[in-house]
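Okay, so the sequence shown: first residue is 904 according to the working numbering, each after it adds one.
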Amino acid sequence: MYLRVGGRQSDVARELGVSQSVISRLASRHRTTGRVRDRPRSGYLRTYALRHRYATATQLQAQLRDVRGTRVSRQTIRNRLHRFGLNARRPVQVTPLTPRHRSERLQWAQDHVTWTMQHWSTVLSTDECRLHHHHLPLHQR
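Encoded structure:
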């Protein structure tokens, strides 16, 4: 409104506490579309990312370009996914269990199934952290 009556973008920016480029971009958008808000989005990126949890930003970028004709940077995709609460994670590297491991686990469970709370109270759970007793390592991960 202030710009319509001859106000300067820099004055509006100062009054609102934003940069002049923000006001310039919004004024330009208003001139071309008649509105300053972003257009509603389809939700395609979020839906596709939820269905393909291991897709990278590069793969999502290619999908958007090929299917929707939308060109956006990988960083924009990461920013949007972060806003949706979808953050990149590396899969945990674990050693696969061998048949021997499985049988030993089963045997251990069967040996301890009848333990009482008194038996379990003597067990020290370390959560696989390092312990030192008199400066000698007792357990190392």
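Ideal Cβ placement from N, Cα and C applies to all residues, glycine included. From a predicted model like this one, the values you see are computed outputs, not experimental measurements.
With DSSP run on the structure shown, which of helix, strand or coil describes Tyr957?
In the sequence shown, counting from the first residue as 1, residue 957 sits at position 54. Coil.
Assuming the contact rule is C-beta atoms closer than 8 Å, Leu948 and Ile926 should be a hit. Round their C-beta distance to whole Å, please.
Numbered from its first residue, the sequence shown carries residue 948 at position 45. Numbered from its first residue, the sequence shown carries residue 926 at position 23. Not a contact, Cβ separation roughly 28 Å.
Using the Cβ count rule (16 or more neighbours within 10 Å means buried), how would you classify Val915?
For the purposes of this step, residue 915 is taken as the residue at position 12 of the sequence shown. It counts as buried.
Any contact between the stretch 988-1001 and the stretch 965-980? By contact I mean 3 or more CB pairs, one from each, below 8 Å.
no
Quick check for students: name the residue ranges of the beta strand (DSSP E) that lie wholly in the stretch 970-996, counting only runs of 3 or more.
none
In whole angstroms, what separates the C-alpha of His1022 from that of Pro994?
As a working note, residue 1022 is residue 119 in the sequence shown. As a working note, residue 994 is residue 91 in the sequence shown. Those two C-alpha atoms are separated by around 36 Å.
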